[in-house]
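J.: A single structure is presented below for examination.
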Amino acid sequence: LWAAIGSEPARFIETGVRRMVTENGVTFPVYDFNDVDVRITREQKLPIHFMVRVKGVETAQNVWTHSATGQYLPTVRPELDGLVKRYTDALDARLWVEETAAGPQIYAMLLQAGTMLGVSQAATPAPPKLRWALDNGVTEPELVVGQAETRQDNGMIYTVWRFPGLNPDDLLRRAAQARFWVEIPDTEVNSAVLAWGQDIRTLGARLPVPVVGCSEAVASRE
């Protein structure tokens with residue numbers, strides 16, 4: 023289980039405990055995550071976005087948003103402490119929204135994991151891909167590949183990634199909520215989650231009962 027608090031990158035929480043469940047004559051495993059601390063949602067009014075990853079397995083995931091209030095939208099670009107030009111380890115990804123003439127535009131910044139040090143375009147193994155899930159569904163098959171943009175603030179030149187052709191409002195024509203994150207193939211990316219909608223809380227989620235198994239991808243729902 024991983025969790026992204028507010029606009030922070032996702033962090034590992036705990037490993038699930040397996041148990042078997044039988045529903046409608048189908049027996050299948052579910053995984054419990056017990057004693058997860060959610061006090062920050064009440065004390066600081068920040069949402070927590072939960073997601074499940076399976077190491078070494080391509081995972082289509084839903085995102086469970088737990089929040090005391092459904093209204094939350096991080097829109098502030100992160101302020102960097104510095105830059106790194108060579109880096110081959112895990113990355114953090116931070117997301118934000120900027121208003122443009124064409125409507126809201128999602129941006130991302132890649133950083134050395136656990137720091138506020140921006141990673142240059144040359145040190146990025148591949149452009150980040152913007153992924154999303156609608157309502158309580160798993161990862162949509164569509165994606166948008168990021169385009170690098172160079173910016174300069176306080177004498178620091180750095181790279182941000184824009185995801186062209188996607189207006190998050192358009193997705194709300196067929197869903198109440200959309201949740202976004204970024205991925206890079208063959209790279210560990212601890213991405214923040216950007217939740218979009220009038221109410222970002224996960225509501226009405228039910229235990230899905232599998233009919234057939236998956237052989238190449240694991241679909242996870244919380």
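Under my numbering, the first residue of the sequence shown carries the number 23, and numbering increases by one thereafter. Each residue gets a CB set at the ideal place from its N, CA and C atoms; glycine is no exception.
According to DSSP, is R64 part of a helix, a strand, or is it coil?
T.: Within the sequence shown, numbered from 1, the residue matching residue 64 stands at position 42. Here R64 sits in helix by DSSP.
J.: Give the straight-line distance between the Cα atoms of T224 and L216, rounded to the nearest whole angstrom.
T.: Reading the sequence shown from its first residue, position 202 is the one you call residue 224. Reading the sequence shown from its first residue, position 194 is the one you call residue 216. Their backbone Cα atoms lie some 14 Å apart in a straight line.
J.: Using CA coordinates, which residue listed in N158, N176, E171, V211 is at the minimum distance from N196?
T.: Position 174 of the sequence shown, counted from the start, is the residue given in the question as residue 196. Strictly speaking, residue 196 in this sequence is Arg, with Asn absent from that position. If we check each option's Cα against that of R196, N158 comes out closest.
J.: Measuring straight from C-alpha to C-alpha, what distance separates Q174 and Y180?
T.: Here residue 174 is taken as the residue at index 152 of the sequence shown, counted from 1. Here residue 180 is taken as the residue at index 158 of the sequence shown, counted from 1. When rounded, the distance between both Cα atoms is 6 Å.
J.: What is the DSSP secondary structure of D175, reduced to helix, strand or coil?
T.: As a position in the sequence shown, residue 175 is number 153, starting the count at 1. In the structure shown, D175 sits in a strand (DSSP, three-state: E or B).
J.: Please work out which residues of its chain come closer than 7 Å, Cβ to Cβ, to P207, disregarding the five sequence neighbours upstream and downstream, and give them in chain order.
T.: What you label residue 207 is simply residue 185 of the sequence shown in a count that begins at 1. If we look at P207 and ignore the five residues flanking it on each side, its Cβ neighbours are A148.
J.: Taking Cβ to Cβ, would you say R116 is nearer than 8 Å to A145?
T.: For the purposes of this step, residue 116 is identified with residue 94 of the sequence shown, where counting begins at 1. For the purposes of this step, residue 145 is identified with residue 123 of the sequence shown, where counting begins at 1. For R116 and A145, no; Cβs fall outside 8 Å.
J.: For chain C, check one thing: does any of its Cβ atoms lie closer than 8 Å to the Cβ of D59?
T.: No chain C appears in the structure shown, which is made up of a single protein chain.
J.: May I ask you to report which of helix, strand or coil DSSP gives P31?
T.: The residue given as residue 31 occupies position 9 in the sequence shown. In this structure, P31 counts as coil in the three-state DSSP scheme.
J.: In the structure shown, what three-state DSSP assignment does Q199 receive?
T.: In the sequence shown, the residue the question calls residue 199 occupies position 177. Correct three-state label for Q199: strand.
J.: DSSP on L193, reduced to helix/strand/coil?
T.: Indexing the sequence shown from 1 puts residue 193 at position 171. If DSSP states are grouped into helix, strand and coil, L193 belongs with the helices.
J.: For a test of the three-state rule: what should DSSP assign to P100, helix, strand or coil?
T.: Position 78 of the sequence shown, counted from the start, is the residue given in the question as residue 100. Looking at P100 - three-state DSSP - the assignment turns out to be coil, as it is neither helix nor strand.
J.: Here's the rule I'm using: 16 or more other beta-carbon atoms within 10 Å means buried, otherwise exposed. How should T63 be labelled?
T.: Translated into positions along the sequence shown, residue 63 becomes position 41. Label assigned to T63: buried.
J.: Please state whether DSSP places A90 in a helix, a strand or coil.
T.: Here residue 90 corresponds to residue number 68 of the sequence shown, with the count starting at 1. The answer is coil: DSSP assigns A90 none of H, G, I, E or B.
J.: Among T37, T81, E121, which one has its Cα closest to the Cα of A155?
T.: By one-based count along the sequence shown, residue 155 stands at place 133. Minimum Cα distance to A155 is reached at T81.
J.: Excluding the five sequence neighbours on either side, which residues of its own chain have a C-beta within less than 7 Å of the C-beta of T91, listed in chain order?
T.: The count along the sequence shown starts at 1 and reaches residue 91 at position 69. Cβ within range, chain order: K67.
J.: For A124, does the three-state DSSP call read helix, strand or coil?
T.: In the sequence shown, residue 124 corresponds to position 102, counting from 1. Three-state result, A124: coil.
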